[in-house]
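For reference, the structure is listed below as structure tokens.
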Amino acid sequence: MGSQTVKMENTVSIIGTASIVGPKEGDGPLKTYFDMILEDDLWGQESFEKAESKIQEESIKLAIANANLSPQDIEFLFSGDLLNQITSSSYTARQMEIPYFGLYGACSTMTESLSLGAMIIDGGFANNVVCATSSHFSSAERQFRFPLEYGSQRNFSSQWTVTGAGATVLSSTGNGPYITYITTGKILDLGIKDASNMGGAMAPAAIHTISQHFKDTGYTPEDYDLIITGDLGLVGKKILLDLMRKDGYDLSKNYSDCGIKIFDGVEQDTHAGGSGCGCAATVFNGYIYKEMMKGNLNRVLLVATGALHSPIMTFQGESIPGIAHAVTIDNLFS
Amino acid sequence: MEYLKAFIVGGLICVIGQIILDTTKLTPAHILVIFLTSGVFLGGIGVYEPLVKFGGAGATVPISGFGYALSKGAIEGAKTKGVIGAFSGGLEATAGGIAAAILFGYIMSIVSDPKTK
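As given, the protein sequences belong to chains A and B, one line each in that order.
In terms of the numbering used here, the first sequence opens at residue 35 and continues consecutively.
In terms of the numbering used here, the second sequence opens at residue 918 and continues consecutively.
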């Protein structure tokens, strides 16, 4: 329906989720919502990459257990992360023995995996799938910015990559919450070249996807209890609210951002907020899912945002392409 | 008094770096290179020498001091050995620092592990 949105014809229900976070996230405002908080972000592994893989693997297993299923019941695994060759996801899938689609959508991977998983179920190709993604502060710093050993200072517009993973089990049977609409984003690039300002780079894509979602579905901002972007942070939030107002949508009442929710920016010195695949993943699978199960939230638009940033292209003077995928999660199937 | 002078000179050099880092889009790596080459340049035109005399380690320890040592070595090399000396002098003068950096860097990498900030 519309130019970028599909409506689920059949029920696609979320039947189990899991979120595992690192110690810093576990100190933040959402700490009571996470399934597991690690005391040590290496989790007994030799490297941050291996630790990230383990976090993702355990979150997938936990989500499957929370759905009262076993790994053999899962027909597809959709997962992705931030590292080269989506290392964490592929090394996780090596342990899982589940048919695997590896995704790269940078920090938008949570909604990218939910979108594809939901469409596969709606099309009748599977009954149970897992959608998962992870990120790790220390592996992401090495990948995109400077290795930790370098001890570099961080800018005030820069964001803090969340250490954590989230996994969602989707099923053709179940009592909700349901995935009802999927709006797939287009790449937008307004020319931001600064890797310390991802929020600014992703905001235009988020604005475009959200506006298009309203046009395609006929929903208005008031129809939602919560409209939440992945990791625009403080810089991106301001841009988004301003520009959405110019488009005629007032989001000031029910808009939030996972990157702002997950940390206390003042207490935890995270500057513009959280980011990374794990940001939208842990906030969605922890906070949003549990609030929906309690009935405090009934219809949520999750818009995970990705900066498809390649350090090599930034060195070559290229700007950062942004993307945002929106998924409507509803306690009622309509 | 010597410590105070070193503190002021070294501190001011670092303040310049902090201001550049906070107000521009330059990364720490850019600033490192800028400081090094300005050290070479200021050393070459004779401005850095008085700063070293006044501030001591406050001026030689920051990376601009390394640039100064490079230029000073190159100039002296050129005086004693001619054109070849201009190329070799800089490294001769800084060889102690470079070898120490490699040795101590290597030792530290063996005895310590990176930790999340």
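Where a beta carbon is used, it is the ideal one built from N, C-alpha and C, also for glycine.
Please read these numbers as outputs of a predicted model, since none were measured by experiment.
query, result
"CB contact check: residue 940 of chain B to chain A, cutoff 8 Å", "no"
"Sub-8 Å separation of residue 292 of chain A and residue 314 of chain A beta-carbons", "yes"
"Residue 350 of chain A, buried or exposed, once every other Cβ within 10 Å from all chains shown has been counted against 16", "exposed"
"Sub-8 Å separation of residue 337 of chain A and residue 358 of chain A beta-carbons", "yes"
"Identified DSSP bridge partners for residue 309 of chain A", "A:195"
"When A:115, A:244, A:179, A:202 are compared against residue 943 of chain B, the one with the closest alpha-carbon", "A:179"
"Span of the beta strand (DSSP E), counted from its first residue to its last, around residue 335 of chain A", "333-341"
"At least 3 beta-carbon pairs within less than 8 Å: the region 46-56 of chain A vs the region 918-936 of chain B", "no"
"Residues of the region 943-969 of chain B with Cβ closer than 9 Å to any Cβ of chain A, in chain order", "944, 945, 946"
"Beta-carbon proximity list for residue 150 of chain A, same chain, < 6 Å, skipping 5 on both sides", "112"
"Same chain, Cβ closer than 7 Å to residue 288 of chain A, five either side skipped, listed in chain order", "255, 258, 259, 260, 261"
"Coil, strand or helix - residue 162 of chain A by DSSP", "strand"
"CB contact below 8 Å: residue 1033 of chain B versus chain A", "yes"
"Residue 50 of chain A: first and last residue of the uninterrupted alpha helix (DSSP H) it sits in", "Run containing residue 50 of chain A: none in the alpha helix (DSSP H); it sits in the beta strand (DSSP E), 47-55."
"Straight-line gap, residue 92 of chain A to residue 271 of chain A (C-alpha atoms, nearest Å)", "32 Å"
"CA nearest to the CA of residue 1026 of chain B, picked from A:233, A:184, A:58", "A:184"
"Between the CA atoms of residue 106 of chain A and residue 31 of chain A - distance to the nearest angstrom", "Look at the range of chain A in this structure, 35 to 368, and you will see that residue 31 of chain A is not part of it."
"Per DSSP, cross-strand counterpart(s) of residue 113 of chain A", "A:136, A:166"
"Bridge-paired residues (DSSP) for residue 356 of chain A", "A:222, A:341"
"Which listed residue (A:240, A:310, A:199) has its alpha carbon closest to that of residue 192 of chain A", "A:310"
"Opposing strand residues paired with residue 201 of chain A [DSSP bridges]", "A:52, A:166"
"Bridge partners - residue 364 of chain A, DSSP secondary structure assignment", "A:212, A:333"
"Close-in-space but distant-in-sequence residues of the same chain around residue 995 of chain B (CB under 8 Å, 5 per side omitted)", "1002, 1003, 1006"
"Three-state secondary structure assigned by DSSP to residue 40 of chain A", "strand"
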